[in-house]
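The sequence shown: position 174 = 251 (my numbering), numbered continuously.
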Amino acid sequence: MHNALTRVQNTFGLFTTTAFIVGILVALSDFIAPRTPSGVIKPNELKVVMGRPHYYSPKKEEHASIRFSLDADLSSLFNWNTKQVFVYVTAEWPESDGSDVMNSVVIWDSIITAPSSDHLSNVGPATMKKLKRSAEGKSIDPSRGLLKLKNQRPKYQVTHPSGKIANLENVKLRLHYSVQPWVGILTWNQDSDLFKWSALKGAVSKAFSLPSVKAKN
């Protein structure tokens, strides 16, 4: 005859096993939902100056500021298992010494939460009320993931360990994303198609060069 403790242990074991199996099924269900992200990005205003890129920088150095425009559709990344999507833009360029080293610097980022996780955003009451209203009657608000930025100011400056950044060639802007699910593993933008998940289309600017250091008035 099983005692009370044994029955509690059996019940708890059944619960955890069931929860584990359900979690695996939910994580695998992501592959059923198609992903077709796309975007167009281009630089608008380029500026290179000499100074301290941050208030805590120990010395003056060359740093660049790149304004850009972005038109992206990442709405297909949101489904029943999406908690939030981390979006960021990088400036990339090859090392000037002819090696295969590629430099990459984040210049802008943002977090887009799903309607079910809006409480995780640090927003005010008015914005929260608007977000909840937009998601009423919908499993996923279709406006989530639609980015239309014009002449966007960068959050971060472009620097290099050498302190030299002016007149760089073959610089490109690239859009990236990272999907954080409620259950499962983190996924990033893909280089190739995988089942119903398509690689990020476009989202890379044409190559451009940074200007010379701006002269002081």
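Heads up, the beta-carbon is just placed ideally off N, CA and C, and yes, glycines get one too.
Assumed close pair residue i, residue j - CB separation to whole angstroms, cut-off 8 Å
| i | j | result |
| --- | --- | --- |
| Pro130 | Thr236 | 5 Å |
| Lys249 | Glu169 | 5 Å |
| Phe108 | Lys273 | 7 Å |
| Arg144 | Arg230 | 6 Å |
| Pro288 | Leu123 | 6 Å |
Enclosing beta strand (DSSP E) for residue i [first to last residue]
| i | result |
| --- | --- |
| Ser181 | 179 to 190 |
| Phe155 | Looking at the DSSP string, Phe155 is not in any beta strand (DSSP E), and its letter there is neither H nor E. |
| Asn247 | Careful: Asn247 lies outside any beta strand (DSSP E) and carries neither H nor E. |
| Ile262 | Per DSSP, Ile262 belongs to no beta strand (DSSP E) and is neither H nor E. |
| Lys225 | 223 to 229 |
Alpha-carbon spacing of residue i relative to residue j, whole angstroms
| i | j | result |
| --- | --- | --- |
| Pro120 | Ile98 | 47 Å |
| Pro192 | Asn158 | 11 Å |
| Ser152 | Ala96 | 29 Å |
| Ser275 | Thr167 | 21 Å |
For residue i, three-class secondary structure by DSSP
| i | result |
| --- | --- |
| Phe272 | coil |
| Asn121 | strand |
| Ser173 | coil |
| Ala168 | strand |
| Ser289 | coil |
| Leu277 | coil |
Reference residue i, options the options, closest by Cα
| i | options | result |
| --- | --- | --- |
| Ile262 | Ala203, Lys160, Phe92, Phe89 | Lys160 |
| Leu277 | Thr93, Val117, Ile101, Leu82 | Val117 |
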